[in-house]
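Engineer: Numbering (the numbering used here), first residue to last: 32 to 525.
Would you mind keeping the following structure in view while I ask a few things?
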Amino acid sequence: MSNDQNERHRIIEEKLSKLEIIRETTEPYPHKYDRTHTSSQLHEMEAELVENETVVRIAGRIMAKRKAGRTMFLPLYDCDGKIQIYAKRDDLGDEPFAFFKKMIDAGDIIGVSGTLFRTKTGELTVHVQTFELLSKAVRPLPEKFHDMSLELKSRKRYLDLIMNLDARDRFRRRSEILENVRSFLIEQEFLEVETPVLQPIYGGATARPFVTHHNALDMPLYLRVADELYLKRLVVGGLEKVFEFCKDFRNEGMDRTHNPEFTMMECYAAYWDYFDMMDLFEEMVLRLVDKYGDDKKIQYGEHVLDFSNGFKRLRFLDGIKEKTGIDFGALDDANVISEAKKLGVTITKGMGRDKILDEVFGEFVEPNLIQPTFVIDHPKELSPLAKVNREDETLVERFEAFIAGFEVCNSFSELNDPVEQRRRFEAQAKLRAEGDDEAQVLDEDFLEALEMGMPPTGGLGVGLDRLVMLFTDCNSIRDVLLFPAMRPEEQGAE
RNA sequence: GGGUCGCUAGCUCAUCAGGUAGAGCACCUCCCUUUUAAGGAGGUGGUGUCAGGUUCAAGUCCUGAGCGACCUACCA
C-alpha cells in the first residue's frame, strides 16, 4: 500500500533520522536480551525482591514517557502485563540519561535492569540502573486514551494487541479454550489426525467452496468446506476415534458469526450414536463453563446463559410447532408450502419440503434459542450424511447445539449404509441440477470407502470460533479471529 | 444481497446556516529530580477517502465509486 507515502510523513521521517543518529553510537536492534522476570512475576514476587534488593532485568514496550525534569517515569508493557520504570539522571549519569530522554520514545522496546520500589503514590516501579534499546519504533503509537476504531483493531491486530491488554487476554483465552477441547478429546482417547485442505471433490457440508488450481496436475482443487468425509474414511480404516482441528473455507457471506475461513473441530467415534455425541459435547462445554463461568452460568452480552441443567433437548418439528402453532410434521407437501407462505416465508423454486421447514425453523425458532439447547431429529433431506432416525424414517438422527441464538455444533449418527448414502447423494445431485449450488457433490471415492463397511459411528462438528465467542463474551467472530477477513483498504494498492 | 450511518492531521474527534480547517494525544524546542490521561511555554504537521457535478466560492449541497460500522436475510 502507500508505504512510500506514509514514509514521507513527518513523524516517521523524524524517527528515522533519530534512528540514524542512534546508529552512530548504539545498535538499535540488538540480537537478544536476557531478562530475569516478567512484569507479572515482579508483582507476584514483590516482597522478596524488594527485601533482597534484587537487581531484576525486564524487557518490554514503552507505552508513554513522562518526563519530570531530571527524572522520567515510563510504563512498560510486556508479555503478561505492565510495570512502571523510573529513570533518574543522578543514577544513570548525564550522557546515558540524555540519550534515554532524547532518543528513546513511547513505542520503543527496551530492556532495563534495576531494583524494585514503590513510589509515593504506591505504584510498583523498577528503579533503572542500566537500560538498553532493543528495538526502535519508527511509527508512532495510536492515541492512548481513546479506543482505536473497530476497523483499525481488525486490520492491524498488532496495534490492538500493543494497546489493549484485554485483547491479548482474549486471544490467550482462545488458545486456552482450544487446548482444553483438545486435551479433553485426547483424554477420551480420540486420535488427532490431519486430512487434506486441498481436495479434488469437496464435501461434508452444504456450502459453496473456494476453487484453486494445481499446476502440476493441471486440475481444479477445492479448499475444504469440511473434513467429514476424510475422517469417516479413517473410521472405515479402523481408527475408531479420531478428531481434527480444521480450518474450513466457505465461499459465502460474512457477518458477525461467519468468516470465510474458520476453525472447526470434527470428531468421530465408532460404535457411538448421536446420543453419545450429545454427552461428549455437553461434557466438553461444561468443562469450559466450569473454568470460565460462575456457578454453571456464563454472562454473554445481556444474557446469562445457564448450563446448570445441561442442554435442553428440542425436536426440530416440536420447536416449529411451539413457535408457530403449526404441526408441520402432520401436513402434506402442498400444505407445508401454503402454511409456510402464510407465515411469510419466502419460497423459491426448487425448495423441497424439508428446505422450507428449515426456513421456518431458521426464522421462528433459532433466534429464540438463547439458553443451551440441542435441536434434534431434523428432516432427512437437510442432512444427506446422517442416518435415518430409528423411530421416524422421515427424520434423521441429528442434533445441533444452539446457544445465544447461534449454532455451535452439528452432529449425527453417521450414515454408514453405502446404498442409502448413494441414494442421498443422488438426491443432492438432483437439487444441484435444480439450481441449489450448495447441494453436496457425489464423492465416488468416499462411497467406495463406505462400501468397505464403516462401523456405526457418531460424528460431531464444533464451530470453535463461536465457542470462543461465548466464553470471551464477544459479539462478533472478528473479535476472536486474529486476522478476520477484510477487504483491502485501498483499491489498486501495490 | 437489502437498509441506515460514517470516512477531516500518524491516532481519537470537532467544525455541519456553503466563504479554502481546529483540539487532544503523538512529534520537535524549552522548563520541571516520585510521575501515572504528569504539568507549563512555544512549534511542526491536512490534495478534508476517491471521481464527477451545482456554485463567484464545497470538508460542508448533489451524483457515482471505494472502504467500514450497525441492522436484516442465508451458510458453522
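Ideal placement from N, C-alpha and C gives every residue a C-beta, glycine not left out.
Which of the three DSSP states, helix, strand or coil, is assigned to Ile378?
Structural biologist: coil
Engineer: Reducing DSSP to helix, strand and coil, say where Leu336 ends up.
Structural biologist: strand
Engineer: Between the alpha carbons of Ile357 and Ile351, how many angstroms are there, rounded?
Structural biologist: 7 Å
Engineer: Taking C-beta to C-beta, are Ile114 and Leu107 nearer than 7 Å?
Structural biologist: yes
Engineer: Do Asp448 and Leu260 have their beta-carbon atoms positioned less than 7 Å apart in this structure?
Structural biologist: no
Engineer: Less than 6 Å between C-beta atoms, sequence neighbours within five positions excluded: which residues of the same chain meet that for Glu438?
Structural biologist: Glu431
Engineer: Out of curiosity, what's the CA-to-CA distance linking Tyr117 and Ile329?
Structural biologist: 41 Å
Engineer: Which runs of the alpha helix (DSSP H) spanning at least 4 residues fall entirely within the stretch 371-445, listed in chain order?
Structural biologist: 384-395
Engineer: Could you tell me which residues DSSP pairs with Gln330 in its beta bridges?
Structural biologist: Val335
Engineer: Where does the unbroken beta strand (DSSP E) through Asp109 begin, and where does it stop?
Structural biologist: 102-109
Engineer: Verify whether the separation of the beta carbon atoms of Glu390 and Val376 is less than 7 Å.
Structural biologist: Closer than 7 Å, so yes.
Engineer: Are the CB atoms of Asp468 and Arg239 nearer to each other than 7 Å?
Structural biologist: yes
Engineer: Tell me which residues share the same chain as Pro415 and place their Cβ nearer than 6 Å to its Cβ, disregarding the 5 neighbours each side in the sequence.
Structural biologist: The residues are Arg455, Gln459, Gln471.
Engineer: Report the residue from Gln452, Lys372, Arg88 whose alpha carbon sits nearest the alpha carbon of Leu533.
Structural biologist: Residue 533 is absent from the structure shown; the chain starts at 32 and stops at 525.
Engineer: Whose C-alpha, out of Ile141, Lys132, Val511, is nearest the C-alpha of Ala527?
Structural biologist: Since the first residue of the chain shown is 32 and the last is 525, residue 527 is not available in this structure.
Engineer: Measure the alpha-carbon distance for Lys372 versus Ile378 and round it to whole angstroms.
Structural biologist: 7 Å
Engineer: Whole angstroms are fine: how far does the CA of Asp65 sit from the CA of Thr57?
Structural biologist: Answer to the nearest angstrom: the Cα atoms are 18 Å apart.
Engineer: Would you give the residue range spanned by the alpha helix (DSSP H) that Gly530 belongs to?
Structural biologist: Residue coverage of the chain in this structure runs from 32 to 525, which leaves residue 530 outside it and unanswerable.
Engineer: Can you list, in chain order, the stretches of the alpha helix (DSSP H) that have 4 or more residues and sit fully within the stretch 180-256?
Structural biologist: 181-186, 188-194, 196-218
Engineer: So, using beta-carbon positions, are Val256 and Arg281 closer together than 7 Å?
Structural biologist: yes
Engineer: Buried or exposed for Met250, please, with buried defined as at least 16 other CB atoms from any protein chain shown within 10 angstroms of its CB.
Structural biologist: exposed
Engineer: For Phe338 versus Lys327, is the C-beta spacing smaller than 7 Å?
Structural biologist: Against a cut-off of 7 Å, the Cβ pair of Lys327 and Phe338 comes out as a contact.
Engineer: Short of 6 Å in beta carbon distance, which residues of its chain neighbour Arg101, apart from the five on each side in sequence? Order them along the chain.
Structural biologist: For Arg101, where only same-chain residues beyond five positions count, the Cβ hits under 6 Å are Arg120.
Engineer: Rounded to a whole number of angstroms, what is the C-alpha to C-alpha distance between Phe130 and Leu254?
Structural biologist: 53 Å
Engineer: On the DSSP letters alone, give me the boundaries of the alpha helix (DSSP H) that Leu481 sits inside.
Structural biologist: Counting along the chain, Leu481 sits inside the alpha helix (DSSP H) bounded by residues 475-482.
Engineer: Out of Thr503, Phe405, Asn290, which one is the CA nearest neighbour of Pro515?
Structural biologist: Asn290
Engineer: Pairing CB atoms from the stretch 290-307 with CB atoms from the stretch 484-504, are three or more of them under 8 Å?
Structural biologist: yes
Engineer: On the three-state DSSP scale, how would you describe Leu513?
Structural biologist: coil
Engineer: Which residues in the same chain have their Cβ closer than 7 Å to the Cβ of Leu426, if we skip the five residues on either side of it in sequence?
Structural biologist: So the list reads Asp408, His409, Pro410, Lys411, Asn420, once near-sequence residues are dropped.
Engineer: Straight-line CA distance for Leu190 to Val267?
Structural biologist: 47 Å
Engineer: Just checking my contact of Glu539 with Glu314 at CB under 8 Å: how many whole Å lie between their CB atoms?
Structural biologist: The question about residue 539 has no answer here: the residues shown for the chain are numbered 32 through 525.
Engineer: Tell me the DSSP secondary structure of Phe86 in three-state form.
Structural biologist: The sequence given here has Val at residue 86, not Phe. Here Val86 sits in coil by DSSP.
Engineer: Are the CB atoms of Phe433 and Leu400 within a distance shorter than 7 Å?
Structural biologist: yes
Engineer: Name the DSSP bridge partner or partners of Asp279?
Structural biologist: Phe293
Engineer: Have a look at Leu319 and Ile208 and give me their C-alpha separation to the nearest angstrom.
Structural biologist: 7 Å
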